[in-house]
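Structure, as structure tokens:
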Amino acid sequence: MSNTSNAEPKTTTADSAWLSKSASQTRGSDKKEVQFHYDISNDFFRLWQDPNQVYSCAYFEKDDYTLEQAQLAKIDLSLGKLGLEPGMTLLDIGCGWGKTIMRAVEKYDVNVIGLTLSENQKQHIEDHWFANSSSDRKMEVRLQPWEEFDG
């Protein structure tokens, strides 16, 4: 059934408070919040994440998938939809611990730029992924908010 009402949506006091708080957040406060959460220690996240430290939903394509297999399936599904070709550049905003950008380098032979606000994640990507990669592609991770990205 379609909504044929022309009535304006109503805003509650809670909605107004949330919008006001969201609008007043600064880039500095966002960075502090991200670092408070993600810069606890990489060892803490290793306790409960898959070995590649992928952090979000997973795609259990098969019932017997492990968490690691389901995370890789999610990454492959997402990257496969992008139409990536060798030499293209992939920008990953909120790149986490880097598995998505490294999978893109390995599987699609693309250049990558990862943006993160977490110093620990940036260091992990540089030490774990970039230092051990044999790819000639440009691989970069920046400690930078997306609003400041200039290409």
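In terms of numbering that gives the first Met the number 0, the sequence shown is residues 0 to 150. Ideal Cβ positions, reconstructed from N, Cα and C, are used throughout, including at glycine.
At least 3 beta-carbon pairs within less than 8 Å: the region 55–67 vs the region 78–90 = No, the region 55–67 does not touch the region 78–90.
query = CB-CB under 7 Å to F148, same chain, minus the five flanking residues each way: which ones, in chain order?
reply = Closer than 7 Å at the Cβ level, and outside the excluded window around F148, lie L114.
query = Taking the Cβ atom as the reference point for each residue, do I112 and L90 lie within a distance shorter than 8 Å?
reply = Pairing I112 with L90 gives a Cβ-Cβ distance under 8 Å.
message = Looking only at its chain, what residues have a beta carbon closer than 7 Å to the beta carbon of E125, apart from the 5 residues adjacent to it on each side?
response = Within the same chain, E125 has close Cβ partners V140.
query = Who are the near neighbours of N2 in its chain, counting only those whose CB is closer than 7 Å to its CB and skipping five residues on each side?
reply = Low confidence applies to N2: its pLDDT is 49, below 50, so where it sits in the model is not reliable enough to give any reading.
task = Can you give me the Cβ contacts of T99 inside the same chain, cut-off strictly under 6 Å, excluding the 5 residues immediately before and after it?
result = Shown here for T99: same chain residues with a beta carbon closer than 6 Å to its own, the five before and five after excluded, namely I74 and D91 in chain order.
Beta-carbon proximity list for C94, same chain, < 8 Å, skipping 5 on both sides = Closer than 8 Å at Cβ, skipping near neighbours: I100, G113, L114, T115, Q120, I124 and V140.
Span separating the alpha-carbon of L78 from that of Y58 = It is roughly 13 Å from the alpha-carbon of L78 to the alpha-carbon of Y58.
key: For E60, the three-state DSSP class (helix, strand or coil)   = Residue state for E60 is assigned as coil, using DSSP reduced to three classes.
request  = Along the alpha helix (DSSP H) that carries E67, what are the first and last residues, could you check?
outcome  = Counting along the chain, the alpha helix (DSSP H) containing E67 begins and ends at L66 to G79.
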